[in-house]
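In the UniProt record's numbering, the protein residues as written are 1 to 331.
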Ligand SMILES: [Zn+2]
Ligand SMILES: [Zn+2]
Ligand SMILES: [Zn+2]
Ligand SMILES: [Zn+2]
């Protein structure tokens, strides 16, 4: 099988690729609900923080440090446990340590640390994706829920066809796709792709390809694949936007395929890579070419499958009242 690109500018500027930087971050300030501001610097242990107008308390450890499980370093949520000597640990770790305190090796018992749970209630913390741009601050116990849906959370690798567990921000994922998955990178808002298969009788299930396009300062994934719809193989092409769904709606795209005087045109909105490749495919949100039509477009004697997909992307004029609905033709 062969898949090549024609009519594309195939350069990508090196300076457009930024390397992934550290996702972990220590918050430098915590806020109490009663509007008392505590400035905490987790890098030093001698920081003093101001709790009331006059009180100065030397901080051996920060509140943030106290809320961190000393074993797994994750934030602790109720029930928070402690040993007879007062060493705390999270409930996940408690089940793993065979009833021995990991800090002092004494028997752990079953003591809850209500005081620390109460302290947590009074805290407000920034979202853990703060360093990726999330400006939001949450009560300690509401933070986890937000973080699972935070728009700034890292993206999963959009590469389909293999199990890839890499996550990261957009610049990191773009270099990951280029360097680790050897994905073709192109610049420009029009493209022209050819899919050629010498023996069209052979149809592998879920054969797919990915190309990344850079235009309007954004990145788009073009997926092309063959899969079975019921018993019949179909060919499908669609675009995903490397970014969130709200931003994806700012763009439109069209795909065309044809031959022998016939043409199929698909016009759509790219789906965010928050939606998995599989989900988009299964919702049929793209250009689908039935096998007979694909062979017809290939012309000639049906000895070779030759599809030429041309595409275009554009920026939409925003209509704030537009009714947005993601199709799912399967359900
Ligand atoms: Zn733990
Ligand atoms: Zn202990
Ligand atoms: Zn957030
Ligand atoms: Zn990957």
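Yeah, the Cβ is synthetic: ideal placement off N, Cα and C, and Gly gets one too.
Source: prediction; values computed, not measured.
Alpha carbons only, please: which of 143, 192, 290 is nearest the one belonging to residue 228?
Closest option to residue 228, Cα to Cα, is 290.
Let me check one thing: in DSSP terms, what residues is residue 94 bridge-paired to?
Per DSSP, none; premise fails for residue 94.
From which residue to which residue does the alpha helix (DSSP H) around residue 176 run?
Looking at the DSSP string, the run of the alpha helix (DSSP H) that includes residue 176 is 170-179.
Taking the beta carbon of residue 143 as the centre, do at least 16 other beta carbons fall within 10 Å, making it buried, or is it exposed?
Buried is the call here.
Delimiting residues of the beta strand (DSSP E) encompassing residue 144:
First-last for residue 144: 143-149, but that is the alpha helix (DSSP H), not the beta strand (DSSP E).
Rounding to the nearest angstrom, what Cα-Cα distance links residue 120 and residue 223 in this structure?
So the two alpha carbons sit approximately 46 Å from each other.
For residue 80, count the other beta carbons within 10 Å of its own beta carbon; 16 or more makes it buried, fewer makes it exposed. Which is it?
Classification of residue 80: buried, given that the 10 Å Cβ count is 16 or more.
Cβ atoms of residue 170 and residue 236: under 7 Å apart, would you say?
No. Outside cutoff.
What I want to know is whether the C-beta of residue 341 ends up closer than 6 Å to one or more non-hydrogen atoms of ligand 2.
With the chain covering only 1 through 331, there is no way to say anything about residue 341.
Tell me the residue span of the alpha helix (DSSP H) that contains residue 298.
Per DSSP, residue 298 belongs to the alpha helix (DSSP H) from 291-298.
Work out the CA separation of residue 165 and residue 76 for me, nearest whole Å.
If you take the alpha carbons of residue 76 and residue 165, they lie about 25 Å apart.
Own chain, CB closer than 6 Å to residue 20, minus 5 neighbours either side, in chain order
Confidence in residue 20 is poor, its pLDDT being 37 and thus under 50, which makes the residue's placement unreliable; the coordinate value appears in the next sentence. Excluding sequence neighbours, residue 20 sits near 168, 172.
Can you list the beta strand (DSSP E) stretches of 3 or more residues lying completely in the segment 64-143, in chain order?
The segment 64-143 contains these whole beta strand (DSSP E) runs: 123-126, 137-139.
Could you check what DSSP says for residue 282 in three-state terms: helix, strand or coil?
Residue 282 falls in the helix class under three-state DSSP.
Take the Cβ of residue 118 as the centre, count every other Cβ of all protein chains shown within 10 Å, and call the residue buried at 16 or more, exposed below.
Answer is exposed; the Cβ neighbour count stays below 16.
Grab me the residues of residue 244's own chain with a C-beta within less than 8 Å of its C-beta, minus the 5 sequence neighbours each way, in chain order.
Only 151, 272, 274 meet the Cβ criterion.
Within the present structure, is the beta-carbon of residue 97 separated from the nearest heavy atom of ligand 5 by less than 6 Å?
The model depicted lacks ligand 5 and carries ligand 1, ligand 2, ligand 3 and ligand 4 instead.
Ignore the nearest five residues each way along the sequence and tell me which others in residue 34's own chain have a CB closer than 7 Å to its CB.
With a pLDDT of only 42 at residue 34, under 50, the local geometry of the prediction cannot be trusted, and the value read off the model is given with reservation. Result list for residue 34: empty, nothing under 7 Å.
Helix, strand or coil: which one does DSSP assign to residue 246?
The three-state reading of DSSP puts residue 246 in helix, counting H, G and I together.
Rank 215, 231, 158, 294 by C-alpha distance to the C-alpha of residue 260 and give the top, closest one.
In this structure, 294 is the residue among 215, 231, 158, 294 with its C-alpha nearest to the C-alpha of residue 260.
Under 8 Å by Cβ, that's how I've got residue 246 and residue 221 pegged, so tell me the actual separation to the nearest angstrom.
Not a contact, Cβ separation roughly 18 Å.
Boundaries (first-last residue) of the beta strand (DSSP E) holding residue 217:
Premise fails: residue 217 is in no beta strand (DSSP E) and is neither H nor E.
Measure the beta-carbon distance from residue 72 to residue 90 and round it to whole angstroms, keeping in mind my assumption that it falls under 8 Å.
Residue 72 to residue 90, Cβ: 6 Å. Contact.
Within the same chain, show all residues whose beta-carbon is closer than 6 Å to that of residue 94, passing over the 5 residues directly before and after it, in chain order.
Closer than 6 Å at the Cβ level, and outside the excluded window around residue 94, lie 81.
Quick one: what's residue 276 bridged to in DSSP?
Secondary-structure assignment with DSSP links residue 276 through no beta bridge to anything.
For residue 232 and residue 210, what's the separation of their Cα atoms in angstroms?
Between residue 232 and residue 210, the C-alpha separation is close to 23 Å.
Using a Cβ-Cβ cut-off of 8 Å (strictly less than) and excluding sequence neighbours within five positions of residue 296, which residues of its own chain qualify?
Cβ contact annotation for residue 296 (same chain, cutoff 8 Å, sequence separation greater than five): 259, 260, 262, in chain order.
Taking any heavy atom of ligand 4 as the mark, which residues have a C-beta closer than 7 Å to it, listed down the chain?
Qualifying residues, in the order they occur: 157, 159, 164, 166, 176, 177, 180, 181.
Given the structure, does residue 136 come close to ligand 3, in the sense that its CB is under 6 Å from one of the ligand's heavy atoms?
It does: the Cβ of residue 136 is within 6 Å (strictly closer) of some heavy atom of ligand 3.
Under the DSSP definition of a beta bridge, which residues are partnered with residue 212?
DSSP lists 185, 221 as partners of residue 212.
At a threshold of 6 Å, does residue 71 count as lining ligand 1 (C-beta to nearest heavy atom)?
Yes.
Name the DSSP bridge partner or partners of residue 165?
None; residue 165 has no bridge partner.
Output yes or no for whether 7 Å exceeds the beta carbon distance between residue 286 and residue 216.
No, the Cβ-Cβ distance between residue 286 and residue 216 is not below 7 Å.
Between residue 129 and ligand 3, is the CB less than 6 Å from at least one heavy atom?
Between ligand 3 and residue 129, a heavy atom-to-CB distance of less than 6 Å is present.
Check whether the segment 125-134 and the segment 98-114 are in contact - that is, three or more C-beta pairs closer than 8 Å.
Pairwise C-beta distances place the segment 125-134 out of contact with the segment 98-114, as fewer than three of them are shorter than 8 Å.
What residue from 278, 240, 255, 158 has the CA that sits closest to residue 270's CA?
Checking every option, the nearest Cα to that of residue 270 belongs to 240.
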